[in-house]
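Chemist: With the numbering used here applied, the sequence shown corresponds to residues 25 to 415, in that order. Beta carbons: idealized from backbone N, C-alpha and C, even for Gly.
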Amino acid sequence: ALKSPPPTVEFTALPQQTDSPKVRICYQATSAVGGIGEVRLFHNGKLVQSDGYYREVAKIGAEPARLVSLDSGSIYANMRSVNIKARTDVSPISGKPKGDVFEDCREIDAIAGENEVSVSAFNGGNTVQSYMKTAAFSSRIKAEEPHLYILSVGINQYKDSSVNLRYAVKDAADLEGKIRAQSATLYQPQNIHVVLLTDAQASKAGITGKIQSLSTAVQPQDSFILFVAGHGVLLQNQYYMLTHDFNGRMDEAGMISSNEIVEMSKKIKALSQLFIFDTCHAGGVDTIISGLYDARMSVLARKMGLHIFASANDQQAAMDGYQGNGLFTYTLLDGLNNNRQADKYKDGKVSIVGLGEYSQRMTSQISRQIGHEQTPLIINFGKDSPLYQLR
25 ALKSPPPTVE FTALPQQTDS PKVRICYQAT SAVGGIGEVR LFHNGKLVQS DGYYREVAKI
85 GAEPARLVSL DSGSIYANMR SVNIKARTDV SPISGKPKGD VFEDCREIDA IAGENEVSVS
145 AFNGGNTVQS YMKTAAFSSR IKAEEPHLYI LSVGINQYKD SSVNLRYAVK DAADLEGKIR
205 AQSATLYQPQ NIHVVLLTDA QASKAGITGK IQSLSTAVQP QDSFILFVAG HGVLLQNQYY
265 MLTHDFNGRM DEAGMISSNE IVEMSKKIKA LSQLFIFDTC HAGGVDTIIS GLYDARMSVL
325 ARKMGLHIFA SANDQQAAMD GYQGNGLFTY TLLDGLNNNR QADKYKDGKV SIVGLGEYSQ
385 RMTSQISRQI GHEQTPLIIN FGKDSPLYQL R
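1. DSSP three-state call for residue 28: helix, strand or coil?
2. Ignoring anything shorter than 3 residues or poking outside the segment 158-210, list the beta strand (DSSP E) runs there in chain order.
3. Taking Cβ to Cβ, would you say residue 335 is nearer than 9 angstroms to residue 352?
4. If contact is defined by three or more beta carbon pairs under 8 angstroms, each pair taking one atom from either stretch, is the segment 178-195 in contact with the segment 143-150?
5. Roughly how many whole angstroms lie between the Cα atoms of residue 192 and residue 70?
6. Kindly list the residues whose CB is nearer than 6 angstroms to the CB of residue 294, restricted to its own chain and excluding five residues on each side of it in sequence; keep chain order.
7. For residue 30, count neighbouring C-beta atoms within 10 Å of its own C-beta (all shown protein chains included) and say buried if the count is 16 or more, exposed if not.
8. Assign residue 317 to buried or exposed, taking buried as 16 or more other Cβ atoms, counted over all protein chains shown, within 10 Å of its Cβ.
9. Pairing CB atoms from the segment 201-216 with CB atoms from the segment 277-287, are three or more of them under 8 angstroms?
10. What does the alpha-carbon distance come out to for the pair residue 99 and residue 350?
11. Among the residues of its own chain, which have a CB less than 8 angstroms from the CB of residue 198, if the five just before and after it don't count?
12. Hey, residue 399 and residue 409 are a contact pair by Cβ (cut 8 angstroms); roughly how many whole angstroms apart?
13. Apply the 10 Å Cβ neighbour rule to residue 62 and answer buried if 16 or more other Cβ atoms are within range, or exposed otherwise.
14. Given this structure, state the Cα-to-Cα distance separating residue 212 from residue 240, to the nearest angstrom.
15. Would residue 167 and residue 44 qualify as a contact pair, given that the criterion is a beta-carbon distance under 9 angstroms?
16. Output the boundary residues of the alpha helix (DSSP H) element that contains residue 414.
17. Does the segment 154-162 come close enough to the segment 177-185 to have 3 or more Cβ pairs within less than 8 angstroms?
18. What's the call for residue 304, buried or exposed, on a 16-neighbour Cβ count within 10 Å?
19. Output needed for residue 228: all residues of its chain with C-beta closer than 7 angstroms, excluding positions within five of it in sequence on either side, in chain order.
20. Could you pull the DSSP bridge partners for residue 265 from this structure?
21. Using three-state DSSP, classify residue 214 as helix, strand or coil.
22. What residues match up with residue 373 in a beta bridge as DSSP calls it?
23. Going by the CB atoms, is the gap between residue 66 and residue 8 shorter than 9 angstroms?
24. When DSSP labels each residue in this structure, what does residue 385 get in the three-state scheme?
25. Got a sec, what are the start and stop residues for the beta strand (DSSP E) residue 70 sits in?
26. In the DSSP assignment, what residue or residues form a beta bridge with residue 349?
27. Can you check DSSP and say which residues form a bridge with residue 304?
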């Protein structure tokens, strides 16, 4: 028997049918002597509620920082890498003790038709997860037209000007423009919403504030795309994207962690989400995503898709210059350019998975030809969705 077994979980209030767009779900975790740690609630396979305790955070301070350090004389002078002048430990997130019985209620936004909700809980040490309890209800609300929301972030200029880049802002503008133009083959023009944040606009407060405002607009039937071009670093298996505020020191004020990226995904209600990071070490985001969305969740993800494109794996630097864009962005733009080679299902559409596979293949191929190995990491969880129709 387990020394610290996980709690048991159940739903205590859940309608069978509803005519309301908002539905109140109540659930309970009961300790089986191992205590109660993180409790997670999923709607149609998407994480909607958790404490934000992700186990990777605890590793901070336990081993030396693993960061690429390149000076301007390096052969890879145009990689998206930085020299770190100093670092301060970032704060671990710790869950509040929950006692022997924990009850909570959450209001969620229903989608038309069948909705599935699932709950699971960890033991007090957040080391063992319970089985997933799943229940369903049906909603008679009218199906709304889907909208597409794009948040594109590009940072050339940092407070520490020694790490400035050349192509990140252009990447963000080019990619946003191309997706907007191509998505008009699937969405009504008035249903496509674009936000471009560059340089000083792309501070930590600027990015998180925009996510907060989008979280009130985006609905479950919508799609959300976040694109980020700039610097990224890896610290104890945790990926951090550096914001405009980065001043050469590793501290929380100038960076956004993988944990915070998961929190962004949780806030945005869209069941279809694509996160693209054209930075160094972006593959480091995989550790947390794969911990949250594991094989047990895949059976629940028929209506939900979470996709992460990382331009380089957790050990690699990403190129800042190839024919006027970052290398990875260059291949994404190519795949978005009415490209039949990116049509995975041969159905006249380029899907998220199809674009990811095409870009991964081309980035690896081109990077080998120019003598800089770069293999994008593509994570696809749940349902694929079309990005545009071939013309």
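Modeler: Put simply:
1. coil
2. 172-178
3. yes
4. no
5. 30 angstroms
6. 242, 246, 247, 248
7. buried
8. buried
9. no
10. Reliability fails at residue 99, whose pLDDT of 23 lies under 50, so the model's placement of it is uncertain and the value that follows must be treated cautiously. Rounded to whole angstroms, residue 99 to residue 350 spans 16 angstroms at the Cα level.
11. 349, 353, 357
12. Their Cβ separation, rounded to whole angstroms, is 24 angstroms, which puts residue 399 and residue 409 out of contact at 8 angstroms.
13. buried
14. 21 angstroms
15. no
16. Careful: residue 414 lies outside any alpha helix (DSSP H) and carries neither H nor E.
17. no
18. buried
19. 267, 269, 277, 278, 280
20. 256, 280
21. helix
22. 413
23. Residue 8 lies beyond the stretch modelled for the chain, which goes from 25 to 415, so this question has no answer here.
24. helix
25. 70-73
26. 346
27. Its beta-bridge partners do not exist; DSSP assigns none.
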